[in-house]
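Participant: Attaching a single structure in structure tokens format; questions to follow.
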Amino acid sequence: MKIPQATAKRLPLYYRFLKNLHTSGKQRVSSAELSEAVKVDSATIRRDFSYFGALGKKGYGYNVNYLLTFFRKTLDQDELTKVALIGVGNLGTAFLNYNFLKNNNTKISCAFDVDPAKMGTMIREVPVYHMDELEKVITEEAISVAILTVPAPVAQMITDRLVNANVGGILNFTPARLNVPASIRVHHIDLAVELQSLVYFLKHYPTEDIEE
């Protein structure tokens, strides 16, 4: 089923909140309660949910267990996605220490760097390999997603190697804009740009004008 990209990006947010509700024993939730928790207006939540059919009942709200089961299946939470981390610097090490602990279906399973001191080490049970082993390990581990935290000048070269190793998605934390085939999905997260954007909006737009 094809749904808008904006909706797809909000689904993990809904799922995380529903997990918390389930843990607390709550059985029913309204779109207004969801709205308050995830900071998305209730009309948007109802529209997002409408793409998947009748998930709730008017005047009743949504059954937490049903929604949780539905979104777990929709987000493939029962299927583990292995992730490779390329670049074990400060940011890369932070990712390894975090390793998506709250996500049942996403785990960094291998990391790569060029520093000889890091070769053969384990960081939070994740083995660190030399870059020379990139294609071999990614193929053997059936890695489908890579996180790129390397210096910008080498980002494209490493991306080309990831494409050749049949990685399907790249989360790019470098400032470089990557050239990839149409079959490869890349999400760019430039922390410097995001910070500059935040500062700009703080200076030029009063909080009351901010819309979700």
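When the count follows my numbering, it moves up by one through the sequence shown with no breaks and lands on 213 for the last residue. Using N, Cα and C, we set each Cβ at its ideal position, and we do this for glycine too. Owing to the predicted nature of the structure, the values given are computational and were not obtained by experimental measurement.
Name the DSSP bridge partner or partners of I29?
Facilitator: Note that residue 29 corresponds to Arg in the displayed sequence, not to Ile. Per DSSP, N64.
Participant: Report yes if the CB atom of V1 is closer than 8 Å to the CB atom of N165, and no otherwise.
Facilitator: Within the shown structure, residues of the chain are numbered from 2 to 213, placing residue 1 beyond reach of any answer.
Participant: Apply the 10 Å Cβ neighbour rule to F113 and answer buried if 16 or more other Cβ atoms are within range, or exposed otherwise.
Facilitator: It counts as buried.
Participant: Give the single residue among F53, G93, L92 and N64 whose Cα lies nearest to the Cα of L76.
Facilitator: Answer by Cα proximity: F53.
Participant: Could you check which residue in A156, P5, S31 and V39 has the C-alpha nearest to that of Y16?
Facilitator: Out of A156, P5, S31 and V39, V39 has the C-alpha closest to the C-alpha of Y16.
Participant: What residue range does the alpha helix (DSSP H) around N173 cover?
Facilitator: Here N173 belongs to no alpha helix (DSSP H); instead the beta strand (DSSP E) covers G170 to N173.
Participant: Between which two residues does the alpha helix (DSSP H) holding I139 run?
Facilitator: Element bounds for I139: L135 to E142.
Participant: What whole-angstrom Cβ distance do K119 and V89 have, given they're in contact under 8 Å?
Facilitator: Correct: roughly 6 Å between the Cβ atoms.
Participant: Comparing C-alpha positions only, which one of I144, Q28, F72 and I148 sits nearest to D49?
Facilitator: Taking only the C-alpha atoms, the option nearest D49 is F72.
Participant: If you follow the alpha helix (DSSP H) that I159 is part of, which residue opens it and which one closes it?
Facilitator: From DSSP, the alpha helix (DSSP H) with I159 extends over A153 to N165.
Participant: Taking the C-alpha atoms as reference points, what is the distance between S145 and I185?
Facilitator: Spanning the two alpha carbons is a distance of roughly 10 Å.
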